[in-house]
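Trainee:
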Ligand code: FEO
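In this note's numbering, the protein residues as written are 1268 to 1437.
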């Protein structure tokens, strides 16, 4: 059984993951509008990943006999100054998510909930990857120095990113 405190915190994390999905979908729309289909694809994959993150917690709450309670998803930004800003915001956001996961792990330890702690360790590992991916992309974008040709080359590369449901891999 999940404690009420743990259940509430996990439900909040579902909302954060769904908000993240919505944020990245908004970024995909921004890139579509700015004729950068590769960047849009990268964000779409990001959106799909976030949905699976939310669903991993959704399934976990149910497996533990808890109750999933979905809350409204707050509005997300729709405009950014430029590509560099979008990717910078992506990295910043992933760092916030990492803090949120760390808080959940701390709560699981406090509640002596080893099963939840174990489940959350998947997210601890995932966040290392999420931050590294955003950081790598930010460095690439920085190197373009705002030059359109260099940006187009990155765009081509990002068009190849494919979604893999990593929540199904242990
Ligand atoms: Fe669900 Fe991008 O972390």
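All C-beta atoms, glycine included, are put in the ideal place defined by N, C-alpha and C.
On a predicted model such as this, the values are computed, not experimentally measured, just so you know.
Just the residues with CB closer than 6 Å to a heavy atom of the ligand FEO, in chain order, which are they?
Mentor: 1284, 1287, 1317, 1320, 1361, 1364, 1397
Trainee: What's the C-alpha gap between residue 1380 and residue 1396?
Mentor: Here the question's residue 1380 lines up with position 113 in the chain shown. Here the question's residue 1396 lines up with position 129 in the chain shown. If I take the Cα positions, the gap works out to 25 Å.
Trainee: Please classify residue 1350 as buried or exposed, where buried requires at least 16 neighbouring CB atoms within 10 angstroms.
Mentor: Indexing the chain shown from 1 puts residue 1350 at position 83. Flag for residue 1350 reads buried.
Trainee: What does the alpha-carbon distance come out to for the pair residue 1421 and residue 1432?
Mentor: As a first step, residue 1421 is located in the chain shown; it is residue number 154 there, counting from the start. As a first step, residue 1432 is located in the chain shown; it is residue number 165 there, counting from the start. Their backbone Cα atoms lie some 24 Å apart in a straight line.
Trainee: Let me confirm a value: residue 1423 is counted as buried when at least 16 other C-beta atoms fall within 10 Å, else exposed. Which label applies?
Mentor: By 1-based counting over the chain shown, the position of residue 1423 is 156. Residue 1423 comes out exposed.
Trainee: Looking only at its chain, what residues have a beta carbon closer than 6 Å to the beta carbon of residue 1361, apart from the 5 residues adjacent to it on each side?
Mentor: In the chain shown, counting from the first residue as 1, residue 1361 sits at position 94. Excluding positions up to five away in sequence, the list reads 1397, 1398, 1401.
Trainee: Taking the continuous alpha helix (DSSP H) assigned at residue 1347, which residues delimit it?
Mentor: Here residue 1347 refers to the residue found at position 80 of the chain shown. Note, residue 1347: premise wrong, no alpha helix (DSSP H); not H, not E.
Trainee: Residue 1319 by DSSP, collapsed to three states: which one?
Mentor: In the chain shown, counting from the first residue as 1, residue 1319 sits at position 52. Reduced to three states, the DSSP call for residue 1319 is helix.
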